[in-house]
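Residue numbers (the working numbering): 93 to 476.
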């Protein structure tokens, strides 16, 4: 007999970005309306979320790895390790990111991603292609050896190998061929501006052609200043552009995070973790895109001191934004679930707790500690 579930007495995240006392109804994998629930057969289970926040499972659309595995390993085993860890932290939907590596290696990753799923891990919703279409001057922790001009034919080859799994591709708009690339591809893939030296005018043109996102805003791009607003100013002026933020306490000062919310508003900010394979692991030396990264605490750096991704998962980034940076919880939840799902075109199934969505649900205590995780209606962990 099928089981139907209620989550009662919690403060439930709403699509308008607020919390409201509400009962959630679940049947099999999906959230359903009260009327539909009442008409369905099945044994009933009730979860009492009194005194807790009920939020959508988080959606990390830009991170590289965790628990010793990386997207660039390009194997089902690595993807499975990543998906299981993410789900254990309340991140229920993911698009892991590649690095600036060879087309041969990207092809291998795309073939591994094609039709990949991990039933006991976070939902694998595709890939985030960070590189190789970036600037040498702002390469950050990317491998300069494999940087190349934007190439629509290459993207098409990779997308075919992946079965359409590539959700986001990054490009430095000032580089050769970038504007044509954006014009040719923006209608069918999310394009994010990244690792660039672009000025305001160049970034504005790229956005007018269909780019719609900034990758790890402030990092690997010109700063925002009063006479040279750069790509951040161009993105702020474009109501359709979304801005990624890494709220791990390393990449961006808390005051800048707060200011960014005032500039962009919580409808246009996407929290990402940008975590690498050391997330969830002990301090030590790890690989990122073929380069050695030293990890100590929550700081990961290359040999020359360049920050190399994070070692903080998205749930902890969201907690940091609220508890250490002063971002309202409802805004933080929106930026870690609803906004990223909208950016990559999966909002019909993910990102909020509306009827019809997958029952990917996290219950947080008053101190934002995780007390229960549900994935497609099944309990992953619970202390209720």
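Glycine included, every Cβ here is placed at the ideal spot set by N, Cα and C.
All values reported here derive from a predicted model rather than from experimental measurement.
Environment of residue 123 [buried if 16+ CB atoms lie within 10 Å]: As a first step, residue 123 must be located in the chain shown, where it is residue number 31. It counts as buried.
Backbone CA spacing between residue 223 and residue 160 [nearest angstrom]: Residue 223 sits at position 131 when you count from the first residue of the chain shown. Residue 160 sits at position 68 when you count from the first residue of the chain shown. If I take the Cα positions, the gap works out to 22 angstroms.
Nearest-angstrom Cα separation, counted from residue 309 out to residue 275: Taking the first residue of the chain shown as 1, we reach residue 275 at position 183. Taking the first residue of the chain shown as 1, we reach residue 309 at position 217. The alpha-carbon atoms of residue 275 and residue 309 are separated by roughly 22 angstroms.
Cutoff 6 angstroms; reference residue 474; Cβ partners in own chain excluding five residues on either side: Position 382 of the chain shown, counted from the first residue, corresponds to residue 474. 464.
From 429, 458 and 461, residue whose alpha carbon lies closest to that of residue 446: For the purposes of this step, residue 446 is taken as residue 354 along the chain shown, with counting starting at 1. Per the Cα distances, 429.
Environment of residue 262 [buried if 16+ CB atoms lie within 10 Å]: Stepping through the chain shown from its first residue, residue 262 is reached at position 170. That one is buried.
Complete alpha helix (DSSP H) runs within the region 170–242 (minimum length 4 residues, chain order): Within the region 170–242, the complete alpha helix (DSSP H) segments of 4 residues or longer fall at 195–205, listed in chain order.
Residue range of the unbroken alpha helix (DSSP H) whose run includes residue 129: One-based indexing of the chain shown puts residue 129 at position 37. Start and end: 126–131.
Whole alpha helix (DSSP H) elements within the region 346–399, 4-residue minimum: 346–356
Beta-carbon contacts of residue 178 that lie in its chain and below 6 angstroms, excluding the five residues immediately before and after: Position 86 of the chain shown holds residue 178. Only 186 and 214 meet the Cβ criterion.
Nearest-angstrom beta carbon gap, residue 312 and residue 230 [assumed within contact, 8 angstroms]: Indexing the chain shown from 1 puts residue 230 at position 138. Indexing the chain shown from 1 puts residue 312 at position 220. The C-beta distance from residue 230 to residue 312 rounds to 5 angstroms, short enough to meet the 8 angstroms contact threshold.
Three CB pairs or more closer than 8 angstroms across the region 328–347 and the region 128–139: no
Cβ distance (whole Å) where residue 158 is taken to contact residue 369 below 8 angstroms: Within the chain shown, numbered from 1, the residue matching residue 158 stands at position 66. Within the chain shown, numbered from 1, the residue matching residue 369 stands at position 277. With 8 angstroms as the limit, residue 158 and residue 369 qualify as a contact, their Cβ atoms being about 7 angstroms apart.
Cβ contact check for the region 400–413 and the region 133–153: 3 or more pairs under 8 angstroms: yes
Reduced DSSP secondary structure (H/G/I, E/B, other) of residue 96: Sequence index remark: in the chain shown, residue 96 carries index 4 (1-based). Strand.
Cβ-based burial, residue 156 [other Cβ within 10 Å; buried from 16]: Your numbering for residue 156 matches position 64 in the chain shown. For residue 156, the number of other beta carbons within 10 angstroms of its own is at least 16, and it is reported as buried.
Under the three-state DSSP convention, the category residue 158 falls into: Working through the chain shown from its first residue, we reach residue 158 at position 66. Reduced to three states, the DSSP call for residue 158 is strand.
Start and end residues, beta strand (DSSP E) containing residue 409: Position 317 of the chain shown, counting from 1, holds the residue named residue 409. Taken as a continuous stretch (DSSP letters only), residue 409 belongs to no beta strand (DSSP E), being part of the alpha helix (DSSP H) at 406–415.
Beta-carbon proximity list for residue 383, same chain, < 7 angstroms, skipping 5 on both sides: Within the chain shown, the letter at position 291 stands for residue 383. If we look at residue 383 and ignore the five residues flanking it on each side, its Cβ neighbours are 233, 235 and 394.
Residues near residue 269 in its chain [Cβ-Cβ closer than 8 angstroms; skip 5 each side]: As a position in the chain shown, residue 269 is number 177, starting the count at 1. Taken in chain order, the residues that qualify are 241, 242 and 243.
For residue 371, the nearest candidate out of 389, 404, 377 and 339 (CA to CA): To locate residue 371, count along the chain shown from 1; it is residue 279. Ranking 389, 404, 377 and 339 by Cα distance to residue 371 puts 404 first.
Buried versus exposed call for residue 426 [16 or more other C-beta atoms within 10 Å across all chains shown]: Reading the chain shown from its first residue, position 334 is the one you call residue 426. By the 10 Å Cβ count, residue 426 comes out buried.
Residue 320 versus residue 314 - alpha carbon distance: Here the question's residue 320 lines up with position 228 in the chain shown. Here the question's residue 314 lines up with position 222 in the chain shown. The C-alpha of residue 320 lies about 9 angstroms from the C-alpha of residue 314.
Cβ-Cβ distance between residue 355 and residue 328 below 9 angstroms: Indexing the chain shown from 1 puts residue 355 at position 263. Indexing the chain shown from 1 puts residue 328 at position 236. The answer is yes: Cβ separation under 9 angstroms.
Same chain, Cβ closer than 7 angstroms to residue 199, neighbours up to 5 away in sequence not counted: Locating residue 199 in the chain shown gives position 107, where the first residue counts as 1. Result list for residue 199: 250 and 253, in chain order.
Same chain, Cβ closer than 7 angstroms to residue 95, neighbours up to 5 away in sequence not counted: For this step, residue 95 is matched to residue 3 along the chain shown. Taken in chain order, the residues that qualify are 134, 135 and 137.
Sub-9 angstroms separation of residue 288 and residue 260 beta-carbons: Here residue 288 refers to the residue found at position 196 of the chain shown. Here residue 260 refers to the residue found at position 168 of the chain shown. Not in contact: residue 288 and residue 260 (Cβ atoms no closer than 9 angstroms).
C-alpha gap between residue 113 and residue 376, whole angstroms: By 1-based counting over the chain shown, the position of residue 113 is 21. By 1-based counting over the chain shown, the position of residue 376 is 284. Roughly 45 angstroms between the two C-alpha positions.
Inter-residue CB distance, residue 277 and residue 436 (contact presumed, cutoff 8 angstroms): Taking the chain shown and counting its residues from 1, the one referred to as residue 277 is at position 185. Taking the chain shown and counting its residues from 1, the one referred to as residue 436 is at position 344. With 8 angstroms as the limit, residue 277 and residue 436 do not qualify as a contact, their Cβ atoms being about 14 angstroms apart.
Residue closest to residue 332, alpha-carbon to alpha-carbon, out of 207, 284 and 318: Here residue 332 corresponds to residue number 240 of the chain shown, with the count starting at 1. Nearest neighbour of residue 332 by Cα position, chosen from 207, 284 and 318, turns out to be 284.
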